[in-house]
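**Q** One structure coming up, written as structure tokens, with questions to follow.
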Amino acid sequence: EDQVTQSPEALRLQEGESSSLNCSYTVSGLRGLFWYRQDPGKGPEFLFTLYSAGEEKEKERLKATLTKKESFLHITAPKPEDSATYLCAVQARGGSGNTGKLIFGQGTTLQVKP
Amino acid sequence: NAGVTQTPKFRILKIGQSMTLQCTQDMNHNYMYWYRQDPGMGLKLIYYSVGAGITDKGEVPNGYNVSRSTTEDFPLRLELAAPSQTSVYFCASSYSAGVRVGNEQFFGPGTRLTVL
């Protein structure tokens, strides 16, 4: 069964304190791994898509990396405005490949204190 | 572009009532999705559509129905509401699927539904 697990569930950082969020996945064949940011009371906002092990993508203070079993979202020198829930999702090959169906993890809630 | 819009933002239903959650996108996307999000549980796919006139079940379809008569609209129908359907509902759309371009999903702001 395809599955996505994120850790930790919650993370508190001081402003400027770098850290990483983890997304472990088990799928029959990975077509893509997606990272989203979700602010309270709003819909998820797309951040990155990764397709192959070894691939990396960056956006401001965020950097996403991918291995064959997991993805990391590295946050460098975070600011309070980076506080949000970060969601990881996978798209599997096979039947779901041409439908775009995503399997989401439960998310990591990040709080950055000034 | 307004992107993906959803109405209503909030709704309280009594057990056994029915309602339709509206979703509209103005990006000419073929692919549309309905998810529900429960606290600490991530998003679960309810129904999806790969184009006008084509819909299929997702992971948790029981108690829901959808239709897709146009490219823009993808309404979600709740029949005989139950407390287990209390959740936040998100509609999403994407330009493509299964390829490396345009497959990211864009989400609406959500509908918070409470069934009492």
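Residue numbers (the working numbering), protein chains in the order written: chain A, 1 to 114; chain B, 1 to 116. Even for Gly, the Cβ is constructed at its ideal location relative to N, Cα and C.
#1: When you check each C-beta in the stretch 47 to 62 of chain A against every C-beta of chain B, which residues fall closer than 8 Å?
#2: Please report how far the alpha carbon of residue 174/B lies from the alpha carbon of residue 33/B, in whole angstroms.
#3: My parser needs the beta strand (DSSP E) runs of 3 or more residues fully inside the stretch 7 to 49 of chain B; what are they?
#4: Can you give me the Cβ contacts of residue 65/A inside the same chain, cut-off strictly under 6 Å, excluding the 5 residues immediately before and after it?
#5: Please confirm if residue 22/A has its CB atom under 7 Å from at least one CB of chain B.
#6: Identify whether residue 81/A lies in helix, strand or coil by the three-state DSSP scheme.
#7: In the DSSP assignment, what are the bridge partners of residue 29/A?
#8: Could you tell me the distance, in whole angstroms, from the CA atom of residue 18/A to the CA atom of residue 71/B?
#9: Counting contacts by CB-CB distance shorter than 7 Å, is residue 3/A in contact with chain B?
#10: Quick test of the definition: if touching needs 3 or more C-beta pairs under 8 Å, does the stretch 69 to 83 of chain A touch the stretch 8 to 24 of chain A?
**A** According to the data block:
#1: Under the 8 Å Cβ criterion, the stretch 47 to 62 of chain A contributes 49, 51.
#2: Residue coverage of chain B in this structure runs from 1 to 116, which leaves residue 174/B outside it and unanswerable.
#3: Counting only unbroken stretches of 3 or more residues, the beta strand (DSSP E) elements lying wholly within the stretch 7 to 49 of chain B are 10 to 13, 19 to 25, 31 to 37, in sequence order.
#4: Excluding sequence neighbours, residue 65/A sits near 56, 72.
#5: No, residue 22/A does not count as interfacial toward chain B.
#6: Three-state result, residue 81/A: helix.
#7: Bridge pairing for residue 29/A: absent [DSSP].
#8: The alpha-carbon atoms of residue 18/A and residue 71/B are separated by roughly 43 Å.
#9: By this cut-off, residue 3/A is not an interface position.
#10: The answer is yes - the stretch 8 to 24 of chain A touches the stretch 69 to 83 of chain A, with three or more Cβ pairs under 8 Å.
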